[in-house]
Amino acid sequence: MELSENRNKELAQKWAEGRVSPEEAREYLDWYNAEDNSPLEIAPEFATSKEELEQRMLATIQERISTEVPVIAIRRRWTRYVAAAAILLMIATGAWFFLRQNPDQPNFPVARVQDPNFKNDVLPGGDGAVLTLADGKQIVLDANTTGQLAQEGNTVLMGSAGELRYTGTTTETLYNTLTTRKGQQYALALSDGTKVWLNAGSSIRYPVGFTGDTRVVEITGEAYFEVASQPLAQSGKKPFVVKVNDMEVTVLGTHFNINSYGDEVAIRTTLFEGSVRVNDKLVLAPGQQSAYNKGQLQLVEQADLTGALAWKNGLFYFRSADIETVMRQVLRWYDIEVRYEGARTKDRFNGGIPRTASLTELLSILKESRVNFRLEGKVLTVLP
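Start counting the sequence shown at 4; every next residue gets the next number (the numbering used here).
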């Protein structure tokens, strides 16, 4: 596909001003995926050099996704780099409208990126979870769940735009469990004011009301906590304890993330604010991380804070990540199966991509690092 010089300038100007339509975004994406090698002329009023254009695009992307993580496209010839950055901007700013091709068909949508290896597309995950009450009753939650959902003792459960809230107090010992499948995430506000964000394929079991001298919850998968400080008459503050398999993290009031997926090498606890104690052995300071594997506990002095919190901020973030690490994040968010054929690439991946991208849009960026893919249904095969 070819675009005239004037049309290229027009589309570039529109995305810079946030005026690009879905049809124009697709036109630009089709041009990006074509084999056309024609150079891209830069309008002098837009930028005086390719370096200035690059800096403007990356700065705008960074500003729009409200994070300190720069979105980095895999390097390739300049004309395609411009397009890749523009497409990422469309995704990040919401200018790209993710619409199912036919809402009457429950099958897979048509691939948004034209590639003979992509038989279909897979839409990104979103807000969703299943709440299991103390009596075993289950309530399906999504982004549109609002209002009163149930009452446990004297505690009322409310749904509000992708978040579950507990209000009131109860002296009864009642436990609820919030579970996300692959392709889902959800937020939770506990009765003590603690906020929890669950990543895909995760769960948290917790009491409806916290009684006694400690507050104890159990998780699987990945969760980010902002623990509310709660006074205790005799000993100062009531500890908050997170149990993960045979590991415990004890805090008083702090912000931290725990990644405990079973397919990862270690359970990683990353501290952003406050102080936590892991297994009564290791005390973390802000910016540090613990790695727990097979009974062994290690301290990481300078943790990758951006990477640990990227999922909560709506990003895939890779820092010298191998293909297996990348694919583990991908399969959780898109709820797919990943297979490998032939030799696996030794390349390392760096940068960030919004989690609002469809699967083929994500793969089209990863392909710039000399790795290929085949997507059929919900089976993604990584090719040499």
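Virtual Cβ for every residue (Gly too), placed ideally from N, Cα, C.
- Here residue 311 is buried, its C-beta having at least 16 other C-beta atoms within 10 Å.
- As summarised for the stretch 187–236, the continuous beta strand (DSSP E) elements at least 3 residues long and confined to that stretch are 187–192, 198–201, 206–210, 218–229, given in chain order.
- Contact check for residue 295 and residue 260: beta-carbon distance about 14 Å, past the 8 Å limit, so the pair fails to qualify.
- Beyond the five residues adjoining it in sequence on each side, residue 131 comes within less than 6 Å, by CB distance, of 145, 187 in the same chain, given in chain order.
- Closest in alpha carbon position to residue 118, among 363, 244, 332, is 363.
- Per the DSSP secondary-structure output, residue 291 pairs with nothing in a beta bridge.
- It is roughly 18 Å from the alpha-carbon of residue 371 to the alpha-carbon of residue 343.
- DSSP places residue 323 in the uninterrupted beta strand (DSSP E) bounded by 318–324.
- Proximity of the stretch 301–310 to the stretch 325–338 falls short of the contact definition, fewer than three beta-carbon pairs being nearer than 8 Å.
- The Cβ atoms of residue 10 and residue 185 do not sit closer than 8 Å to each other.
- By alpha-carbon distance to residue 137, the top candidate from 177, 276, 346, 349 is 177.
- If you draw a straight line from the Cα of residue 152 to the Cα of residue 258, it comes to about 28 Å.
- Remark: C-beta atoms of residue 213 and residue 232 do not approach each other more closely than 8 Å.
- According to DSSP, residue pairing for residue 256 in a beta bridge does not occur.
- Residue 335 carries a helical assignment under DSSP once its states are collapsed to helix, strand and coil.
- Here the C-alpha atom of residue 292 lies approximately 47 Å from the C-alpha atom of residue 13.
- Inclusion of residue 197 and residue 230 in the CB contact set at 8 Å is warranted, their separation being smaller than that value.
- Under DSSP, residue 145 forms a beta bridge with 131.
- Residue state for residue 126 is assigned as coil, using DSSP reduced to three classes.
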